[in-house]
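Peer 1: Going down the list, the sequences are from chains A and B. Using our numbering, the first residue of the first sequence is number 9, and each one after it goes up by one. Using our numbering, the first residue of the second sequence is number 3, and each one after it goes up by one.
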Amino acid sequence: MIACVLVPHFSLRVALLVRPELDGIPLVLGPPAGQRAQVIDCSPEATGRGIRPGMSLREAAALVPDLVMVERDPAHESDVAAEMLASLADLSPLVEAGVPGRCYVDLSGTERLLGAPVVAGEHLLAAITPALRPRVGIAPGKFAAWAAARQTRSGAVQHIPAPDVPTRLATLPASWLPLAPETGLLLDQLGLRTLGAVVSLPKSAMAARFGPAGERAWRLAVGQSDTTDATVYPTPQTPIVTARLDLPAPVTSRDALFVAVDRVVQRAFRRPELRGRAVRQARLRAHLEDGTSWERVLAQREPVNAKRLARGIALRLESIEIPGIIAALSLELTGITSAVARQELLLADWRPRRPQPLVEAIRQLKQRYGASPIYRITEVEPWSRIPERRHALVSFEP
Amino acid sequence: MVTNPRAPARAGELRALNQPVPVQAFGQRPDGAPRVVVERGRQVQVEEVCDTWLVEDEWWRKPICRLYFRLLLTNGVIRTVYHDLVEDQWYAQEYGT
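1) Between which residues of its own chain and A:Gln364 is the CB-CB distance below 7 Å, once the five residues before and five after are set aside?
2) Skipping 5 residues on each side, what residues in its chain have a beta carbon closer than 7 Å to that of A:Leu7?
3) Pull up the DSSP beta-bridge partners for A:Thr202, would you.
4) If you measure between the beta carbons of A:Leu436 and A:Leu25, is that distance less than 8 Å?
5) If we count the other Cβ atoms within 10 Å of its Cβ and call it buried at 16 or more, is A:Phe18 buried or exposed?
6) Taking the continuous beta strand (DSSP E) assigned at A:Pro28, which residues delimit it?
7) Looking at the structure shown, is A:Ser212 part of a helix, part of a strand, or coil, going by DSSP?
8) Quick check: the Cα distance between A:Pro73 and A:Ser64, rounded to an integer number of angstroms?
9) Is there at least one Cβ from chain A nearer than 8 Å to B:Tyr23's Cβ?
10) Exposed or buried, which one is A:Val127 when buried takes at least 16 other CB atoms within 10 Å?
11) So, is A:Leu198 buried or exposed, given that buried needs 16 or more other C-beta atoms within 10 angstroms?
12) At which residues does the alpha helix (DSSP H) containing A:Gln159 begin and terminate?
13) Within a Cβ cutoff of 6 Å, which residues of the same chain sit near B:Arg12, ignoring the five residues on either side of it in sequence?
14) Output, in sequence order along the chain, the residues in the stretch 71-90 of chain B whose CB is closer than 8 Å to any CB in chain A.
15) Name the chain E residues that come within less than 8 Å of A:Glu396, Cβ to Cβ?
16) Just to confirm, is the Cβ distance from A:Pro101 to A:Pro311 under 8 Å?
17) By the criterion of Cβ-Cβ separation under 9 Å, what are the contact partners of A:Leu401 in chain B?
18) Under DSSP, the beta strand (DSSP E) around A:His399 begins and ends at which residues?
19) Between the Cα of A:Pro82 and the Cα atoms of A:Gly299, A:Ala369, A:Glu326 and A:Ala188, which residue gives the shortest distance?
20) Provide the residue(s) that pair with A:Met92 in DSSP beta bridges, ordered along the chain.
21) When you compare the stretch 370-390 of chain A with the stretch 65-82 of chain B, are there three or more beta-carbon pairs, one atom per stretch, that lie closer than 8 Å?
22) Buried or exposed: which applies to B:Gln95, given that a residue is buried once 16 or more other Cβ atoms fall within 10 Å of its Cβ?
23) Quick check: the stretch 47-59 of chain A against the stretch 87-99 of chain A, are at least 3 beta-carbon pairs closer than 8 Å?
24) Starting from the C-beta of A:Leu177, find all residues in its chain whose C-beta is less than 7 Å away, skip the five residues before and the five after it, and write them out in chain order.
25) To the nearest angstrom, how far is the alpha carbon of A:Gly38 from that of A:Gly62?
26) Here's the rule: buried if 16 or more other CB atoms are within 10 angstroms of the residue's CB, otherwise exposed. What is A:Trp226?
27) Thinking C-alpha only, which one of B:Val51, B:Glu89 and B:Gly29 is nearest B:Cys67?
28) Determine, using beta carbons only, whether A:Ile385 comes closer than 8 Å to chain B.
29) Check whether the Cβ atoms of A:Ile330 and A:Arg262 lie closer than 8 Å to each other.
30) Please check if any C-beta of chain A sits within less than 8 Å of the C-beta of B:Val46.
31) If contact is defined by three or more beta carbon pairs under 8 Å, each pair taking one atom from either stretch, is the stretch 213-226 of chain A in contact with the stretch 238-257 of chain A?
32) Should B:Val51 be flagged as near chain A, meaning a C-beta pair shorter than 8 Å?
33) Quick one: which unbroken beta strand (DSSP E) runs of 3-plus residues sit fully inside the stretch 53-104 of chain A? Chain order, please.
34) What separation, rounded to the nearest whole angstrom, lies between the Cα atoms of A:Ser183 and A:Gly222?
35) Have a look at A:Ala135 and A:Val103 and give me their C-alpha separation to the nearest angstrom.
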């Protein structure tokens, strides 16, 4: 059995952890500073008054004058998601992190420790902060478990035994199937609005119309789990090095931020775990004076040392607007590797350095002479015993 | 059945590479190799015949019959020439592998 621990409106619930007094009123989640002002998510109270994600904040405020906006806090969200995963990992060795606010737990072999599925679900619920309003669904596959969790109310556990899965899923909307948005829209246009309607078609018809994704959707709708659905893939535990720098004076200028970035990178690389090593990914978080945060993830093409990482972050920060007054910086480094050398390209100098002017020159020559006077060598019959048959020149058309 | 349009097949902008170049060669050694080859208007003696091979092909169309020689000339240059046994003409052509 697989349990799905679900926290709907995860980002909004995390924001409410800091301001619990706002719980229960019409709320919208706005973007972090510097991003497009639109509704990222909204509370059920706001949805009831016509607010929808994607709406501009100005439009939402005009619709509901007493609407309250809370700002998204990505750094806090990451911390809460990590805590959630760690708490569940105490109960089962197989915990998979899905999208933020969704975790799958394999309950196989935990009966003696956690009890029957519903009791196990209550253990899982108890491991999560109640203010997040978690809920748990238990079923033989991940899709059915998620559907069960989505159907139930917060703080409750819903268990769907294997024989009941097809009947319990039949009434659910077809839009819940893991399909591309355009495929979901097409299902709706074809009048296939419930999983029961999808299942009423032959599997071959779904496969013929929508390909492998359609066939998988049909299987999930009928309660047949494939390997991906029936397996919980535990999130790998990768070593992480973190460093934090509390700034003596709040930073507002880009130059001061670069100096701070350099110092926090140096501080992280002084840790014994990083001695003589390089990293592939960095997550930089800026903790703002108003209590919110802002973060950027930098994935490097190849492992980098402290100097190159600081330079890479500085280059990235050059093109973005500083989100506000920064009180502290924290850096999280992952992908730690013992890279000692860089692999250079053998034929790097052979690539055309300025292909665009070359293409333009050929275009002009073609206009002048009617045909491109530039040729390239191509193989015709490289196996031929007659030498002039082996290769030929063909007109080069860029 | 598709009728033959009788139009010559077009090879687009294809230009064959390594076309044979007519050369003048005189004398004949017992193995059929020349004794003298004309290089840039000057007669150069053949020092040694490094290799010899025969290419016969396309007997069903326009027969090709070439007797190739890899020659070391007295000026130190290695030259590949062939005797076209159909036309009785000499050509220079790099053969490669």
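All C-beta atoms in this analysis are idealised placements derived from N, C-alpha and C, irrespective of residue type, glycine included.
Peer 2: A quick look at the data gives this:
1) Here residue 364 of chain A refers to the residue found at position 356 of the first sequence. Within the same chain, A:Gln364 has no close Cβ partners at all.
2) Any answer about residue 7 of chain A is impossible in this case: the structure gives chain A only from 9 up to 406.
3) One-based indexing of the first sequence puts residue 202 of chain A at position 194. Looking at the DSSP assignment, A:Thr202 forms a beta bridge with A:Pro181.
4) Since the first residue shown for chain A is 9 and the last is 406, residue 436 of chain A is missing from the structure and cannot be characterised.
5) Looking up residue 18 of chain A in the first sequence gives position 10. Burial call: buried.
6) By 1-based counting over the first sequence, the position of residue 28 of chain A is 20. Where A:Pro28 is concerned, there is no enclosing beta strand (DSSP E), given that its DSSP letter is neither H nor E.
7) Start at 1 with the first residue of the first sequence, and residue 212 of chain A comes out as number 204. In the structure shown, A:Ser212 sits in a helix (DSSP, three-state: H, G or I).
8) Position 65 of the first sequence, counted from the first residue, corresponds to residue 73 of chain A. Position 56 of the first sequence, counted from the first residue, corresponds to residue 64 of chain A. If you take the alpha carbons of A:Pro73 and A:Ser64, they lie about 14 Å apart.
9) Taking the second sequence and counting its residues from 1, one reaches residue 23 of chain B at position 21. For the sequence presented, residue 23 of chain B should be read as Val rather than Tyr. B:Val23 does not count as touching chain A.
10) Translated into positions along the first sequence, residue 127 of chain A becomes position 119. With fewer than 16 other Cβ atoms within 10 Å, it is exposed.
11) Here residue 198 of chain A refers to the residue found at position 190 of the first sequence. So A:Leu198 counts as exposed.
12) On the first sequence, position 151 is the one that residue 159 of chain A refers to. Residues Lys150 to Gln159.
13) Mapped onto the second sequence, residue 12 of chain B falls at position 10. Here B:Arg12 scores only 48 on pLDDT, less than 50, and its place in the model should not be relied on; the value that follows carries that caveat. Cβ within range, chain order: n/a, list empty.
14) none
15) No chain E is part of this structure, whose protein chains are labelled A and B.
16) Mapped onto the first sequence, residue 101 of chain A falls at position 93. Mapped onto the first sequence, residue 311 of chain A falls at position 303. No, Cβ-Cβ distance for A:Pro101 and A:Pro311 is not below 8 Å.
17) In the first sequence, counting from the first residue as 1, residue 401 of chain A sits at position 393. Under the 9 Å cutoff, chain B gives Glu15, Leu16, Arg17, Ala18 and Leu19.
18) Translated into positions along the first sequence, residue 399 of chain A becomes position 391. Its beta strand (DSSP E) spans residues His399 to Ser403.
19) Translated into positions along the first sequence, residue 82 of chain A becomes position 74. For the residues A:Gly299, A:Ala369, A:Glu326 and A:Ala188, the minimum Cα distance to A:Pro82 belongs to A:Gly299.
20) Translated into the one-based positions of the first sequence, residue 92 of chain A becomes position 84. A:Met92 is not bridged to any residue.
21) no
22) Against the second sequence, residue 95 of chain B aligns to sequence position 93. Under this definition B:Gln95 is a buried residue.
23) no
24) Translated into the one-based positions of the first sequence, residue 177 of chain A becomes position 169. Here the set comprises Ala152, Ala155, Leu203, Ala229 and Gly231.
25) As a first step, residue 38 of chain A is located in the first sequence; it is residue number 30 there, counting from the start. As a first step, residue 62 of chain A is located in the first sequence; it is residue number 54 there, counting from the start. Answer to the nearest angstrom: the Cα atoms are 10 Å apart.
26) Reading the first sequence from its first residue, position 218 is the one you call residue 226 of chain A. The residue in question, A:Trp226, is buried, as its Cβ has 16 or more Cβ neighbours within 10 Å.
27) For the purposes of this step, residue 67 of chain B is taken as the residue at position 65 of the second sequence. Out of B:Val51, B:Glu89 and B:Gly29, B:Glu89 has the C-alpha closest to the C-alpha of B:Cys67.
28) Within the first sequence, the letter at position 377 stands for residue 385 of chain A. Yes - at least one Cβ of chain B is within 8 Å of the one on A:Ile385.
29) Position 322 of the first sequence holds residue 330 of chain A. Position 254 of the first sequence holds residue 262 of chain A. Yes, the pair counts as a contact, with Cβ atoms nearer than the cut-off.
30) What you label residue 46 of chain B is simply residue 44 of the second sequence in a count that begins at 1. Judged by the 8 Å Cβ criterion, B:Val46 is not in contact with chain A.
31) no
32) Taking the first residue of the second sequence as 1, we reach residue 51 of chain B at position 49. Not an interface residue.
33) 76-79
34) On the first sequence, residue 183 of chain A is found 175 positions in, with the first residue counted as 1. On the first sequence, residue 222 of chain A is found 214 positions in, with the first residue counted as 1. Roughly 13 Å separates the two Cα atoms.
35) The count along the first sequence starts at 1 and reaches residue 135 of chain A at position 127. The count along the first sequence starts at 1 and reaches residue 103 of chain A at position 95. A:Ala135 and A:Val103: Cα-Cα distance of roughly 13 Å.
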